[in-house]
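Structure first, commentary second.
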Amino acid sequence: MRIKNSVVVITGAASGIGRATALRFARRHVSLVLASRRLEALESLVAECTALGSRAIAVPTDTSEHDAVQELASRAVEEFGRIDVWVNNAAVSFFSPFLEVPLRDFERVIDVNLMGYVYGARAALERMQDQGAGVLVNVASIVGEVPQPYTSAYSVSKAAVRALGVSLRSELMLDRKKHIHVCTVLPPTIDTPFFHHAANYTGRRAVAMPPVYTPDRVAKAIMGVVEAPTREVAVGRIGRSMVRQHRLMPGRLEKVMAHQVEHTHLSRKEAAEDSSGNLYGPSLDPADARVTGGWSGRRRTAQRTIMGTALLGAGVGAVVFAEPLKAAAPVLAKRAAALGRAVVGNA
């Protein structure tokens, strides 16, 4: 669809992928309706988007509340007359063994990550049905294809978001709604503040698991599926490779994912106190209202991509040849780091 002059609603816009997406759309002079629980962060984003040539309004919204999401859609129509693009992006998570996470926290993740998307989809599609056109983008995750340990609710929610997209596309096809599209985007690990404020009951600090990509990489993918609607897009070479390999040899890749999370997603050096993070209220740290999370996504993408490729290949080989991944990883990491320095140095 034509992006210029369109009306775009983005949830979870205050930081990370949502903020990067808003800024990328703002450069195309759209009208933006920006939603998040953090009013101050939204107001600063409105100022940035306006400076780039777009019209923008901030609508504080808790997407786990149906009425609040309906109000968000109503504000968009009242202010700009229609909704051309709706990006479901708001999400929360925890890190915890399944048997130790409070059930209340599990339910909260499902409420935000799944029901929030359901509410957003209903609000958007109701308006798009009346208009006869529109694009709904659901931001899921690679873990919706390859679930990981310690984030059970997040993995469940993202798998469900993918299924929701398939179901909605099927209904639109049967109803011959050729100009209404539902697209799903699957990011891998992204350099955002997300890991700083996730709930945590592991006793270990959560860190971004390599390879780490920039939020703008996802924003570019979102804009791409809006311009040329595509049913589902995995972001990044490693993300696409994981999706393909999981479908070919799921058991093997699940072992790789488990080892990756255990050894690179939870710090072995830094402890963390039990915390419900931002599940029930937004982070009050101004640093969390940024696009990036300080994980050096842009500078280290080349190095970490090589590292991820090496570990992915070694993990699959480890199952085939019964070689323990843990023993192979340090050598591979050393080689990958050397290759990464060479790539960065020659960039």
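Heads up: the sequence shown runs through residues 1 to 347, numbered per UniProt numbering.
Heads up, the beta-carbon is just placed ideally off N, CA and C, and yes, glycines get one too.
Report the rounded CA-to-CA distance for T189 versus T264, giving the unit in angstroms.
12 Å
Given a cut-off of 7 Å on the beta-carbon distance, is the pair A13 and S36 in contact?
yes
Nearest-angstrom Cα distance between G134 and R162?
19 Å
Using a Cβ-Cβ cutoff of less than 8 Å, which residues in the same chain neighbour A56 once the five nearest sequence positions on both sides are dropped?
By the criterion of a C-beta distance shorter than 8 Å, A56 is surrounded in its chain by A22, A26, S31, L32, V33, L34, L45, V46, C49, T50, once the five residues flanking it on both sides are discounted.
Here's the rule I'm using: 16 or more other beta-carbon atoms within 10 Å means buried, otherwise exposed. How should F98 be labelled?
exposed
Sort G277, S54, D130, R122 by Cα distance to M92 and report the nearest one.
Going by the sequence as given, residue 92 is Val instead of Met. Closest option to V92, Cα to Cα, is G277.
Beta carbon of H259, beta carbon of V146: below 7 Å?
no
Quick one: Cα of I10 to Cα of Y201, how far?
Roughly 30 Å between the two C-alpha positions.
Could you spell out the range, first to last residue, of the beta strand (DSSP E) harbouring K269?
266-271
Drop a sphere of 10 angstroms on the beta-carbon of A338, count the other beta-carbons inside from all chains shown, and report buried for 16 or more, exposed for fewer.
With a pLDDT of only 46 at A338, under 50, the local geometry of the prediction cannot be trusted, and the value read off the model is given with reservation. Classification for A338: exposed.
Among residues of its own chain, excluding the 5 on either side of S64, which ones have a beta-carbon nearer than 7 Å to its beta-carbon?
D111, V112, M115, G116.
Run the CB neighbour count on L39, radius 10 Å, all protein chains shown included, and call it buried at 16 or more, exposed below.
Here L39 is exposed, its C-beta having fewer than 16 other C-beta atoms within 10 Å.
Please return the same chain residues whose Cβ sits closer than 8 Å to the Cβ of E126, not counting the five positions on each side in sequence.
A73
Is the separation between the beta-carbon of V291 and that of A20 shorter than 7 Å?
yes
Quick one: using the 10 Å Cβ neighbour count with 16 as the cut-off for buried, is G236 buried or exposed?
The residue is buried, with at least 16 neighbouring Cβ atoms inside 10 Å.
Could you check which residue in P149, K158, A208, G132 has the C-alpha nearest to that of E100?
When only C-alpha atoms are compared, the closest one is P149.
Which residues does DSSP list as the beta-bridge partners of R204?
A271
8 Å contact criterion, which L279 and A206 should meet: CB distance rounded
Between A206 and L279 the Cβ distance is about 14 Å, and since that is not below 8 Å, they are no contact.
Within a Cβ cutoff of 8 Å, which residues of the same chain sit near E262, ignoring the five residues on either side of it in sequence?
P149
Could you say which of E71, V256, R204 lies nearest to K269 if we only look at CA atoms?
Per the Cα distances, R204.
Whether or not the stretch 207-218 and the stretch 168-179 are in contact is what I'm after, with contact meaning three or more pairs of Cβ atoms, one per stretch, closer than 8 Å; do they touch?
no
How many angstroms separate the CA atom of R181 from the CA atom of A271?
The sequence as given places His at residue 181; Arg does not occur at that position. H181 and A271: Cα-Cα distance of roughly 44 Å.
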